[in-house]
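Residue numbers (the numbering used here): 470 to 962. Even for Gly, the Cβ is constructed at its ideal location relative to N, Cα and C. Since the structure is predicted, the reported quantities are computational estimates derived from the model, not experimental observations. Notes follow the structure.
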Ligand code: ARG
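Spelled out as structure tokens, the structure:
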């Protein structure tokens with residue numbers, strides 16, 4: 470007969486290739502802490518409900534505490550022969566204290582509810598970590614915005630020079646975007662932090678368990694009551710990875726801007742030497758590889774999303790082994806996102822935006838001529854369509870003589886020919902990039918004043934998110950401390 474914990478019905482041991490194909494110990498190593506914590510909470514509940522008697526409870530408590538602290542010191546190495554983290558931990562306990570006591574831990578529990586419990590516990594922590602690193606990034610972007618409020622940048626549409634913008638407006642655009650990402654992560658947390666322990670294999674149990682107690686001891690916010698749904702629920706993973714995928718896609722847009730703005734042709738951004746690499750053959754090269762790699766790594770996270778959605782669509786209710794494939798790509802998506810947020814953050818804070826170059830490009834590319842058209846509407850009461858035409862022709866003529874909007878005398882003469890009288894000073898005031906930016910005072914506009922208003926609001930929102938992360942972490946820490954304190958008590962009875 471096989472030595473496996475489930476082997477009663479089997480005549481033969483499992484084939485080696487089958488074991489290799491099915492065991493998940495490498496992947497499960499991230500779940501050890503949560504599996505032990507989950508077992509502690511389950512045991513405390515079995516004891517409270519008088520489902521397992523004191524002697525066994527105290528012996529199991531002792532060995533769970535030992536395993537917990539041993540794992541904190543040096544991560545426990547899982548034995549592939551025991552398939553997964555759940556059977557490994559249970560086996561270790563039985564080896565330590567024998568089957569008579571240790572064999573009682575798995576009462577009213579199944580690997581099917583355990584595995585989702587562990588995954589939810591691990592994922593919620595990673596969601597908090599990711600939220601934290603996004604908040605750090607956002608805070609630095611806000612600082613960059615505050616320091617550069619009023620400095621000039623180029624605004625593009627169709628990647629063609631469009632209008633001058635405030636550099637703080639550029640930085641804060643990413644804050645505005647990333648704040649939505651934080652909100653999405655908070656939603657993912659809400660779907661993740663739900664207790665499924667107690668669903669057992671699929672149908673609940675005839676033991677008088679107390680799911681409220683394990684919910685509290687494991688720091689979950691609520692219970693997923695329906696056992697059949699609970700054991701096969703993986704939509705929380707779909708939700709989390711879809712949040713991750715959107716964040717990657719947003720980081721990738723930033724990465725694309727870094728790559729393009731830092732090219733010699735644009736010359737708008739100087740990447741720190743430590744954040745670029747050179748060429749083995751072309752001595753002049755400084756390649757923006759971080760931006761390129763962030764864009765390249767997006768595919769991994771999109772791939773993970775496709776994978777979990779595909780697994781999820783093809784299973785009947787109740788646990789199916791297909792679900793075991795939920796974790797490898799989830800882990801990879803978490804790692805990829807974590808490193809991408811961190812490196813994008815550091816690259817952004819070490820890069821230098823070249824406002825002087827922006828000023829030159831704004832002049833040279835006529836990016837303030839919309840404002841001249843606006844002036845013709847405001848001052849001369851010309852219909853905007855007509856003003857647009859007059860200014861368009863002006864741009865064509867200036868281009869033909871290789872000049873630009875700095876040629877105030879030419880503009881003055883051209884307007885006079887069209888029976889429009891403006892002074893040279895009025896023209897200069899109207900088309901100077903920095904002055905144009907000052908006038909974009911509409912709510913959400915690029916003027917320093919409008920941006921300062923937005924920054925105020927962003928600071929408030931980010932503070933609320935930080936508070937939420939801190940409170941959520943405190944709740945989890947408190948739950949864990951409580952569980953350990955209860956186990957310590959139980960181990961001494
Ligand atoms: N190792 C499995 C997983 O990762 C959990 C065990 C599920 N139960 C089972 N009978 N195979 O999904």
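Closer than 7 Å: residue 560 CB and nearest the ligand ARG heavy atom: The residue labelled residue 560 in the question sits at position 91 within the chain shown. Residue 560: no, Cβ never under 7 Å from the ligand ARG.
Any residue with its Cβ nearer than 6 Å to a heavy atom of the ligand ARG should be included. What is that list in chain order? Listed by position along the chain, the residues with Cβ atoms less than 6 Å from a non-hydrogen atom of the ligand ARG are 493, 553, 580, 581, 584, 788, 790, 792 and 793.
Reference residue 689, options 952, 710 and 962, closest by Cα: Your numbering for residue 689 matches position 220 in the chain shown. That would be 952, whose Cα lies nearest to the Cα of residue 689.
Report the partner residues of residue 537 according to the DSSP bridge assignment. By 1-based counting over the chain shown, the position of residue 537 is 68. Beta-bridge analysis with DSSP links residue 537 to no other residue.
Between 877, 790, 653 and 820, which lies nearest to residue 745 when the distance is taken from Cα to Cα? As a position in the chain shown, residue 745 is number 276, starting the count at 1. Distance check between residue 745 and each of 877, 790, 653 and 820 places 820 closest, using alpha-carbon atoms only.
Starting from the C-beta of residue 797, find all residues in its chain whose C-beta is less than 7 Å away, skip the five residues before and the five after it, and write them out in chain order. Walking along the chain shown from the start, residue 797 turns up at place 328. Contacts found: 496.
Enumerated in chain order, which unbroken segments of the alpha helix (DSSP H) with a length of 4 residues or greater are wholly contained in the segment 512-596? Here the runs fully enclosed are 523-542, 554-566 and 568-571.
Bridge partners of residue 991, per DSSP? The chain is shown from 470 up to 962; residue 991 falls before or after that span and cannot be answered.
Using only the alpha-carbon positions, how far apart do residue 750 and residue 733 sit? Counted from its first residue, the chain shown places residue 750 at position 281. Counted from its first residue, the chain shown places residue 733 at position 264. C-alpha separation (whole angstroms): 19 Å.
At least three beta-carbon pairs within less than 8 Å, the segment 584-593 to the segment 661-671: The segment 584-593 is in contact with the segment 661-671.
Take residue 939 and list the residues in its own chain whose beta-carbon comes closer than 8 Å to its own, dropping the five residues that flank it on each side. In the chain shown, residue 939 corresponds to position 470, counting from 1. The same chain holds no residue with a CB closer than 8 Å to that of residue 939 once the five nearest residues on each side in sequence are set aside.
Is residue 593 closer than 8 Å to residue 658 when the C-beta atoms are compared? Within the chain shown, the letter at position 189 stands for residue 658. Within the chain shown, the letter at position 124 stands for residue 593. Cβ atoms of residue 658 and residue 593: closer than 8 Å.
Run through DSSP, which three-state label would residue 470 get? On the chain shown, residue 470 is found 1 positions in, with the first residue counted as 1. A caution first: residue 470 carries a pLDDT of 45, below 50, which makes its placement in the model too unreliable to give a value.
Please identify the residue among 547, 562, 651 and 743 whose C-alpha is closest to the C-alpha of residue 759. Numbered from 1 along the chain shown, position 290 holds the residue referred to as residue 759. Per the C-alpha coordinates, the member of 547, 562, 651 and 743 positioned closest to residue 759 is 743.
Span of the alpha helix (DSSP H) around residue 781: Mapped onto the chain shown, residue 781 falls at position 312. First-last of the alpha helix (DSSP H) with residue 781: 758-782.
Pick from 650, 561, 533 and 510: whose alpha carbon is nearest that of residue 931? Working through the chain shown from its first residue, we reach residue 931 at position 462. 650 is the residue among 650, 561, 533 and 510 whose C-alpha sits nearest the C-alpha of residue 931.
Where does the unbroken alpha helix (DSSP H) through residue 881 begin, and where does it stop? For this step, residue 881 is matched to residue 412 along the chain shown. Element bounds for residue 881: 877-886.
Residue 956 and residue 574 closer than 8 Å at C-beta: Position 487 of the chain shown, counted from the first residue, corresponds to residue 956. Position 105 of the chain shown, counted from the first residue, corresponds to residue 574. In this structure, the beta-carbon distance from residue 956 to residue 574 does not fall below 8 Å.
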